[in-house]
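Residue numbers (our numbering): 344 to 543. C-beta: ideal position from N, C-alpha, C; glycine also.
In structure tokens form, the structure reads like this:
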């Protein structure tokens with residue numbers, strides 16, 4: 344699915360959870376929700392996420408950029424500040440750089456748990472409560488949405504590289520796919536608009 348569709352679904356998930364989960368960090372929860380909805384596509388150099396991160400949108404730049412950041416995190420951890428979080432972040436960034444679109448760990452349950460674990464550690468360290476639940480939920484919504492496309496995703500990677508998809512899956516660039524995504528975006532906007540007053 345497109346980045347717009349993922350953000351729309353993520354916004355709906357955020358609104359739904361905000362009415363059910365305790366917490367006072369609404370803005371942070373919203374940011375985590377958006378990041379969770381977009382992060383799985385960070386393995387694609389031309390994704391909505393990388394459009395604002397990479398200086399040049401090609402695979403070589405993506406590999407160099409994320410591997411450099413990951414190596415930098417590991418270097419800082421080794422020589423300046425020994426911190427388990429830096430180790431995990433460094434390794435994750437390197438894996439992200441080496442991962443290819445929809446064939447690696449970002450589109451798997453394994454990747455979702457790794458990223459959520461990092462964020463949960465961060466939230467615990469800075470007393471942000473359970474705000475990482477929003478990230479987990481929207482990351483999961485991204486995976487579910489991509490299973491609606493014929494390309495499918497390797498949900499069980501690295502245990503199994505098989506790509507899973509729903510029986511009713513559609514092609515993203517087909518007329519049916521575009522109509523379906525526009526309907527999803529429209530319904531998400533309506534849902535968010537109807538529930539937005541409850542925040543005030």
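Starting from the Cα of residue 435, find the closest Cα among 506, 524, 346, 386 and give me that residue.
As a position in the chain shown, residue 435 is number 92, starting the count at 1. For the residues 506, 524, 346, 386, the minimum Cα distance to residue 435 belongs to 386.
Residue of 432, 405, 493 minimising C-alpha distance to residue 414:
If you number the chain shown from 1, residue 414 lands on position 71. The residue with the shortest Cα to Cα distance from residue 414 is 432.
Between the alpha carbons of residue 525 and residue 501, how many angstroms are there, rounded?
Here residue 525 refers to the residue found at position 182 when the chain shown is read from its first residue. Here residue 501 refers to the residue found at position 158 when the chain shown is read from its first residue. If you take the alpha carbons of residue 525 and residue 501, they lie about 33 Å apart.
Which one or two residues does DSSP pair with residue 507 in a beta bridge?
Numbered from 1 along the chain shown, position 164 holds the residue referred to as residue 507. DSSP, once it has assigned bridges, lists 496 as partnering residue 507.
Return the chain-ordered ranges of every alpha helix (DSSP H) run that is complete within the stretch 424–480 and spans a minimum of 4 residues.
Fully enclosed alpha helix (DSSP H) runs of 4 or longer: 427–441, 452–468.
Under DSSP, the alpha helix (DSSP H) around residue 519 begins and ends at which residues?
As a first step, residue 519 must be located in the chain shown, where it is residue number 176. Residues 518–538.
My guess is that residue 461 and residue 351 are in contact by the Cβ rule of under 8 Å, so how many angstroms apart are they, rounded?
Stepping through the chain shown from its first residue, residue 461 is reached at position 118. Stepping through the chain shown from its first residue, residue 351 is reached at position 8. With a Cβ gap of about 25 Å, residue 461 and residue 351 do not count as contacting.
When the Cα atoms are used, what is the spatial distance from residue 353 to residue 374?
In the chain shown, the residue the question calls residue 353 occupies position 10. In the chain shown, the residue the question calls residue 374 occupies position 31. If you take the alpha carbons of residue 353 and residue 374, they lie about 10 Å apart.
Between residue 428 and residue 465, how many whole angstroms is the CB-CB distance? I'm expecting something under 8 Å.
Residue mapping note: residue 428 aligns to position 85 of the chain shown, counting from 1. Residue mapping note: residue 465 aligns to position 122 of the chain shown, counting from 1. 7 Å between Cβ atoms; contact.
What is the rounded straight-line gap between the Cα of residue 372 and the Cα of residue 506?
In the chain shown, residue 372 corresponds to position 29, counting from 1. In the chain shown, residue 506 corresponds to position 163, counting from 1. C-alpha separation (whole angstroms): 30 Å.
Under 8 Å between C-beta atoms of residue 408 and residue 440:
Along the chain shown, one-based indexing puts residue 408 at 65. Along the chain shown, one-based indexing puts residue 440 at 97. It is a contact, given that the beta carbons lie within the stated cut-off.
Nearest-angstrom Cα distance between residue 470 and residue 383?
Position 127 of the chain shown, counted from the start, is the residue given in the question as residue 470. Position 40 of the chain shown, counted from the start, is the residue given in the question as residue 383. Rounded to the nearest angstrom, the two C-alpha atoms are 26 Å apart.
In DSSP terms, what residue 357 is bridged to
On the chain shown, position 14 is the one that residue 357 refers to. Residue 357 is not bridged to any residue.
Within 10 Å of its beta-carbon, does residue 393 have 16 or more other beta-carbons around it, so buried, or fewer, so exposed?
The sequence position of residue 393 within the chain shown is 50, counting from 1. Its Cβ being crowded by 16 or more others within 10 Å, residue 393 is buried.
Using only alpha-carbon positions, find the residue among 516, 486, 430 that is nearest to residue 508.
On the chain shown, residue 508 is found 165 positions in, with the first residue counted as 1. Comparing Cα positions, the closest option is 486.
Residue 521 beta carbon near the ligand NAD (any heavy atom closer than 7 Å)
Annotation note on the ligand NAD: not contained in the displayed structure, which lists no ligands.
Ignore the nearest five residues each way along the sequence and tell me which others in residue 490's own chain have a CB closer than 8 Å to its CB.
The residue labelled residue 490 in the question sits at position 147 within the chain shown. In the same chain as residue 490, and ignoring 5 residues on each side of it, the C-beta atoms closer than 8 Å to its own belong to 496, 498, 507, 508, 509, 512, in chain order.
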